[in-house]
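Participant: The opening residue of the sequence shown carries number 0 in this note's numbering; numbering runs sequentially from there.
Note that the Cβ used here is the ideal one computed from N, Cα and C, for glycine as well.
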Amino acid sequence: MKEKLKRGLPLAGTVVGLALLAVVIFRGDGLPGWANGLLAGLGGAALGVGGGGIVMGMAVWRMTPKERSELERSETDERNIAIREKAAQDSWYWTSALLWVPYVAALARQDLPFILLSAGVLFFHHAFYLFHMGRWAKRM
Numbered sequence: 000m001k002e003k004l005k006r007g008l009p010l011a012g013t014v015v016g017l018a019l020l021a022v023v024i025f026r027g028d029g030l031p032g033w034a035n036g037l038l039a040g041l042g043g044a045a046l047g048v049g050g051g052g053i054v055m056g057m058a059v060w061r062m063t064p065k066e067r068s069e070l071e072r073s074e075t076d077e078r079n080i081a082i083r084e085k086a087a088q089d090s091w092y093w094t095s096a097l098l099w100v101p102y103v104a105a106l107a108r109q110d111l112p113f114i115l116l117s118a119g120v121l122f123f124h125h126a127f128y129l130f131h132m133g134r135w136a137k138r139m
């Protein structure tokens, strides 16, 4: 099941990304500017994540069995796990700081939908952090 999911999600992301970009290209004139930008952004992100997953899968597929086992071992190595955890922690703090930029810009423009959207994103960013802190405190 997990193996099928690993193969299917990048393909689904690529298809969804291409579909969203096709909507923007072929129907973009009939959409409001904000919807056009939103669909283009989501399509590009989905295409990037999906396409990246497909390329990575192809790279792993072309590896020798010895290289695959080395890659698998490096993913479960304690040092590499600690490095990824530190990188994720730093990334969270930078993302938290950078999420204030669109919020302040929306406040300056007095754009209510984007004020609410950016405030919601900030709220969920911090709420997920607190949720996962509690989850990991129980596990450790």
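Looking at the unbroken alpha helix (DSSP H) that takes in Q88, where does it start and where does it end?
Facilitator: 77-97 is the extent of the alpha helix (DSSP H) around Q88.
Participant: For A11 and I80, I'd like the C-alpha separation in whole angstroms.
Facilitator: The straight-line gap from Cα to Cα measures roughly 28 Å.
Participant: Just how far apart, CA to CA, sit Y128 and Y92?
Facilitator: Their backbone Cα atoms lie some 10 Å apart in a straight line.
Participant: What distance in whole Å lies between the Cβ atoms of G42 and G16, which are believed to be in contact at a cut-off of 8 Å?
Facilitator: Between G42 and G16 the Cβ distance is about 5 Å, and since that is below 8 Å, they are a contact.
Participant: Just checking, does the stretch 91-107 make contact with the stretch 115-126 on the three C-beta pairs under 8 Å criterion?
Facilitator: Segments in contact, yes.
Participant: Inspect the beta-carbon positions of V59 and R67 and report whether they are closer than 8 Å.
Facilitator: Yes, they are a contact pair.
Participant: DSSP on R61, reduced to helix/strand/coil?
Facilitator: R61 falls in the coil class under three-state DSSP.
Participant: Just checking my contact of V23 with A39 at CB under 8 Å: how many whole Å lie between their CB atoms?
Facilitator: Confirmed, about 5 Å.
Participant: Would a C-beta distance cut-off of 8 Å place L37 and L20 closer than the cut-off?
Facilitator: In this structure, L20 does not lie closer than 8 Å to L37 by Cβ.
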